[in-house]
Each structure stands twice: as C-alpha cells, then as structure tokens.
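Okay, so here's the structure we're looking at.
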Amino acid sequence: MLVHGAFLGETMATDLKQQCCAILVAGITAAFGILAGLSDASAQDVQSVIDRMNSLERNITDIQRQVFGPGAQPRSGTISSQPLANSQSKPSTADSAFAQVPMLARHQIQLQQLESQMRVLTGQIESVNYNVEQFGKRLDRLVSDVDFRLQSLESALSRISNGAPPATVTTGNSTPPAVAANVPPGSNQSSNTAVPNSAGVGNLIDDHGTRVIGQVTVPETPSSNAAATQAAAVTAPPPSVLPAGTPREQYDFAFEVLRSHDYQGAEAAFTAFLEQNATDPLAGNAQYWLGESYYVQKRFEEAAVAFAAGYQNYPTGSKAPDNLLKLAMSLGAIGKTAQACVAFKQFTGQFPGAPENLHKRARSEERKLGCGG
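Written out as structure tokens, the structure reads:
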C-alpha cells in the first residue's frame, strides 16, 4: 500500500509538471506572437523611453557632482536596451536623504551666520542712532547757550555804549586814565596809576639787562581818581559776559568772540577772564589777547599797557615773545620810536629761539622805524 501510494503521488506530480510546462510554453508562444505583432509599432516608443531615462541618468550624475563636490565619485552608468522591468531600479530614499545632508547643513550654517551678522548690524545701527540723537540734543543746548550768551554780551555792550565813554588818551604828556582797570589783579601795581611814559620807557633796559620796563608814578589827584573810577565802572564787564564753566571753557568763549571780530566784546571777555582766573595757566594768553583787542582797534597806548603787563607778569609764558614784540610795535605806533627800538633790540637778544615769523616782523618794523644797528 505504501509503495502504491508513493507511486500515485509521483505520477500526479509528473502530470502537474507536464501541465505547467505546457501552459508556460503556450504563454511564451502567445507572448512572442504578440511581441512580433507589436514590434514594428512600439519599437520606436521603447527606444524613446530608454533615451529619456539615459538623459535623466546624466542629469542625476551632474547633480551628484554639485552636491558631493568636484572630488566625489558619483554613481555612473547608462540605461541599456533591457526590459523596462529590469531597468527601473531607483536609488533608495535613504541614499537620497543622506546625499542632501551636507548641502542642507551648509545652508543652515550660512543662515545662522547671516542672522548673527544681522543682529550685530542692527545693534550698531541702534547705537549710531542713539549717538546721533544725543549729539543733536547737545547741539541744540549749545546753540541755545550761545544765543543766550550773545544776547547777554550785546546787552552788556549796549549798556557800555549808552554810558559815559572812557577817557581818551592823547600822545602828549598827559597820563592815560583808567588803564589800570585793564591790568589783571596780582600785577604788583601800586595804588597809583602806572603806565609807560617817555621817561619810564626810556629805561626799558638797564645796564645789567634785568629790568625791562620802567614806570612813572602819577600822583593821585581827585580829578584823576574820579576819572579812573568812572572809567573802571564803565569798562568793567558785567558778570554775564563769560559763561559759567571751567577756565578753559571761558577762555575758549572769549577767544571765539575775538575770532568773530567783535573786538570790544573780546576786550570785555578777556578782562573778565583775567579778573576771575588771574592765576590760571591761561591768564598769560588772555593778557596777550586783551592787548590784541586794543591793538586792532588802534588803541595803541592801551595796547602798550596790556602788552607790558603781560610781559612783566608772565615773563616765562608762551606769549612772552609776542607781548614784547607787540609792546615795541605799540610804542612805535604812538611815536615813541627810541623806546620801540630798545624793545625790538631786547626782543632779538632775549628770544633768539622765537618763531621765525616773529623775528621777520621785528626786522620789518625796525626798518620802518629806522632803528640803528
């Protein structure tokens, strides 16, 4: 029984194989028949599809070169004329995602860097805007303060011009009153008015070369004291002439007034500066510019007094050569030629290292006055 059953099973398997082979042969025959009938009609279509796939392969190769860089070795290959079922193998999704990671990472880093730079630039722009705003506020305050100071100065000058004018000094033997009001405190003056005159200035240099400016004392008289007091009251600058601030700020203010060619205003400002800051290092410069404010107004005698005070009180200051030179020029302008020539000689001997432009000016003025060698 067992042998008979095995035989039946083997027979049935053989029959089943024969049937499958017959079906497979029939199917292949039918397929070849169909393909033979369609070969002429679809051969061109199949070749067109293959060409398009080859073009896509080349494009993918180019993209791989761009993504992985010039040194990368992308996959290569072409589509052959194989059945479509065998030629449609696609790269895995994991490979495509992995190929995109480096490029996406670089883009992300670049975006982060751009965002960081934008934040820095935004902060800088905000800082600049804040500084500009603060500068505008300070400029507005400065303009307002300057306007106020100019109005105060104009008011002071108006009061001065409406009062009694200072006494005018002549070039004769008369003594100029009120010039002591223009000499800063601490100049070691006596209670009498002391000015260079023909007798005193003639002793500009003694035999030892130690005394430069001689002075003559004018006896006190009621009339001269009254005139000096009145002139001092008229010419004394009001407290509002100079702005509140440090000596340097006040000096700069007075100098700007002089630069604006407001010489009377500069005279008042420098006089006020000397009264308030007699011991400041800038006092010597202020004394010189006070003399200049007189000199440009052709008030040469008052200029001579101011320059003499500057030379005496600040002999080692930076303006000492200028003071002595302008003193000589002022003396020459009021007709005191001999004293002027002595002052020029003193300038040349005492300040050989002074700027060359000062020495040129001294030589030119000496020639004008006819000073002997």
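Here the sequence shown is numbered in the working numbering, starting from 1323 and rising by one per residue.
Virtual Cβ for every residue (Gly too), placed ideally from N, Cα, C.
Backbone secondary structure at I1401 - three-state DSSP: Along the sequence shown, one-based indexing puts residue 1401 at 79. Low confidence applies here, because I1401 scores a pLDDT of 45, under 50, leaving its location unreliable and the question unanswered by this model.
Collapsed DSSP secondary structure at R1581 in the structure displayed: To locate residue 1581, count along the sequence shown from 1; it is residue 259. Of the three classes helix, strand and coil, the one that applies to R1581 here is helix, per DSSP.
Buried versus exposed call for L1426 [16 or more other C-beta atoms within 10 Å across all chains shown]: As a working mapping, residue 1426 is identified with position 104 in the sequence shown. Exposed is the call here.
Residue range of the alpha helix (DSSP H) that includes R1683: Taking the first residue of the sequence shown as 1, we reach residue 1683 at position 361. Start and end: E1678 to L1691.
Secondary structure, beta strand (DSSP E): runs of 3+ residues fully inside the stretch 1646-1679: none
Beta-carbon separation (whole angstroms), L1596 vs A1605, contact threshold 8 Å: In the sequence shown, the residue the question calls residue 1596 occupies position 274. In the sequence shown, the residue the question calls residue 1605 occupies position 283. Indeed, because the Cβ distance is near 6 Å, the residues count as touching under 8 Å.
Distance between A1600 and S1466 (C-alpha atoms, nearest Å): To locate residue 1466, count along the sequence shown from 1; it is residue 144. To locate residue 1600, count along the sequence shown from 1; it is residue 278. Taking the straight line joining both Cα atoms gives about 29 Å.
Exposure label - N1381; buried when at least 16 CB within 10 Å: Residue numbering aside, residue 1381 sits at position 59 when the sequence shown is read from its first letter. Exposed, by the Cβ-count rule.
Close-in-space but distant-in-sequence residues of the same chain around L1706 (CB under 7 Å, 5 per side omitted): What is shown of the chain runs 1323 to 1695, which leaves residue 1706 out entirely.
Rounded separation between V1450 and L1464 - CA only: Along the sequence shown, read from residue 1 onward, the residue named residue 1450 stands at position 128. Along the sequence shown, read from residue 1 onward, the residue named residue 1464 stands at position 142. Going by the C-alpha atoms only, they are around 21 Å apart.
Same chain, Cβ closer than 6 Å to E1688, five either side skipped, listed in chain order: Translated into the one-based positions of the sequence shown, residue 1688 becomes position 366. Once the five neighbours on either side are set aside, the close Cβ partners of E1688 are F1666.
Neighbourhood of N1607 by C-beta distance below 8 Å, restricted to the same chain and skipping five residues each side: Position 285 of the sequence shown, counted from the start, is the residue given in the question as residue 1607. Correct list, in chain order: Y1573, G1639, S1640 and K1641.
Min CB distance L1653 to chain B below 8 Å: Absent from the structure: chain B. Only one protein chain is present.
D1373 in three-state terms, based on DSSP: In the sequence shown, the residue the question calls residue 1373 occupies position 51. Here D1373 sits in helix by DSSP.
Proximity of K1636 and Q1609 at Cβ, strictly below 8 Å: Start at 1 with the first residue of the sequence shown, and residue 1636 comes out as number 314. Start at 1 with the first residue of the sequence shown, and residue 1609 comes out as number 287. Reading off the sequence shown, one finds Tyr at residue 1636, where the question assumed Lys. Yes; because the gap between Cβ atoms is below 8 Å, this pair is in contact.
Between the CA atoms of Q1473 and A1625 - distance to the nearest angstrom: Position 303 of the sequence shown, counted from the first residue, corresponds to residue 1625. Position 151 of the sequence shown, counted from the first residue, corresponds to residue 1473. So the two alpha carbons sit approximately 27 Å from each other.
Residue interval of the alpha helix (DSSP H) (run including G1694): As a working note, residue 1694 is residue 372 in the sequence shown. Taken as a continuous stretch (DSSP letters only), G1694 belongs to no alpha helix (DSSP H), as it is neither H nor E.
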